[in-house]
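K.L.:
Before we start, here is the structure in question, set down as structure tokens.
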Amino acid sequence: MSDSLHLGIAQRLRAAYRTGEPVAPIRDLLAPGDVAAAYAIQELNTESWLGSGRRLVGRKIGLTSVAVQKQLGVDQPDFGMLFADMAVCDGEPVAPGRVLQAKVEAEIAFVLERDLTVEQATVADLMRSIAYATAAIEIVGSRIANWDIRLVDTVADNASSGLFVLGNTPYRLAGLDLRVCTMQMTRGEETVSTGVGHACLGHPLNAALWLARKMVEVGRPLQAGDIILSGALGPMVAAKSGETFEAQIDGLGSVRAAFA
């Protein structure tokens, strides 16, 4: 019965992607706080999308803010899958409706040059595996109506993934102090979000290390070439058609997300 229920919820979320019509929260259909069930639903959709020809190119990390974790009553981040068709070029216009209930947040992205398949990876393992870092904007979205989400809603909904934009300039880790790097995101001339590296689990590499270990645990280890969106450096901001956002991150340059 639970397998049938999970499949039904997964199909409901996929339908929201196809139709552009958000669905009611799914948390009341599951046992209270059943995060394992939510990840099972996410995995069903991952398998379905891979079967339909989508290409897995990385992972995103969510809930990297301790304040947000406390708000949702959890003590660790969550993760979602990144597919090739979610990648948007710097400044490329995003068509209206491509992401449901779109919001933007500035992040640091890492791109791997080596597999991370070892159990209980260390920070040293992680740093050896990273080819470069770059500024990024994640365009998050929710298939849940009015962003009325709790933990199981966002996990089942692929961690509220939408699209992502990577900056065009890669930076090696040597010489970067990502813990204290500052972020400023503007919409036109208006500053709409600010933050700092240590807002992301104390250090963006801490978040990436958590992900590397979790991916080995769940049987989807990170591979060379994978992209890691390490988590928001500041508050997310709702996005509307016609708006352009630019995030500048100390040491990593800038990146833009534009909405047609």
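Numbered according to our numbering, the sequence shown spans residues 2 to 261.
Note that beta-carbon positions come from the ideal geometry of N, C-alpha and C, so glycine has one too.
1. So, with DSSP's three-state summary, where would you put M2?
2. Helix or strand or just coil, what does DSSP make of S53?
3. Would you say the beta carbon of M237 comes nearer than 7 angstroms to a heavy atom of the ligand NAP?
4. When DSSP labels each residue in this structure, what does P94 get in the three-state scheme?
5. Considering Cα atoms alone, identify which of D178, P23, S5 and S255 is closest to T155.
6. Could you pull the start and end residues of the alpha helix (DSSP H) that E218 belongs to?
7. When the Cβ atoms of the segment 156-166 are set against those of the segment 93-106, are three or more pairs found closer than 8 angstroms?
8. What are the start and end residues of the alpha helix (DSSP H) that includes A157?
9. Given a cut-off of 8 angstroms, decide if L31 and A39 are closer than it, judged by their beta-carbon atoms.
10. Take G243 and list the residues in its own chain whose beta-carbon comes closer than 8 angstroms to its own, dropping the five residues that flank it on each side.
P.N.:
Quick answer:
1. For this step, residue 2 is matched to residue 1 along the sequence shown. Any answer about M2 is weak, because its pLDDT of 46 lies below 50 and its placement is not dependable; what the coordinates show is given next. In this structure, DSSP gives M2 a state outside helix and strand, which the three-state scheme calls coil.
2. As a working note, residue 53 is residue 52 in the sequence shown. In this structure, S53 counts as coil in the three-state DSSP scheme.
3. Questions concerning the ligand NAP fall outside what the structure shown contains, since it holds no ligand whatsoever.
4. Taking the first residue of the sequence shown as 1, we reach residue 94 at position 93. Three-state DSSP puts P94 in a strand.
5. Looking up residue 155 in the sequence shown gives position 154. Considering only alpha carbons, the answer is P23.
6. Reading the sequence shown from its first residue, position 217 is the one you call residue 218. That run of the alpha helix (DSSP H) goes P205 to V219.
7. They touch, by the three-pair rule.
8. Translated into positions along the sequence shown, residue 157 becomes position 156. Looking at the DSSP string, the run of the alpha helix (DSSP H) that includes A157 is L152 to A157.
9. Locating residue 39 in the sequence shown gives position 38, counting from the first residue. Locating residue 31 in the sequence shown gives position 30, counting from the first residue. Yes. Within cutoff.
10. Here residue 243 refers to the residue found at position 242 when the sequence shown is read from its first residue. Non-local beta-carbon contacts of G243 in its own chain, meaning distances under 8 angstroms to residues more than five positions away in sequence, involve F260 and A261 in chain order.
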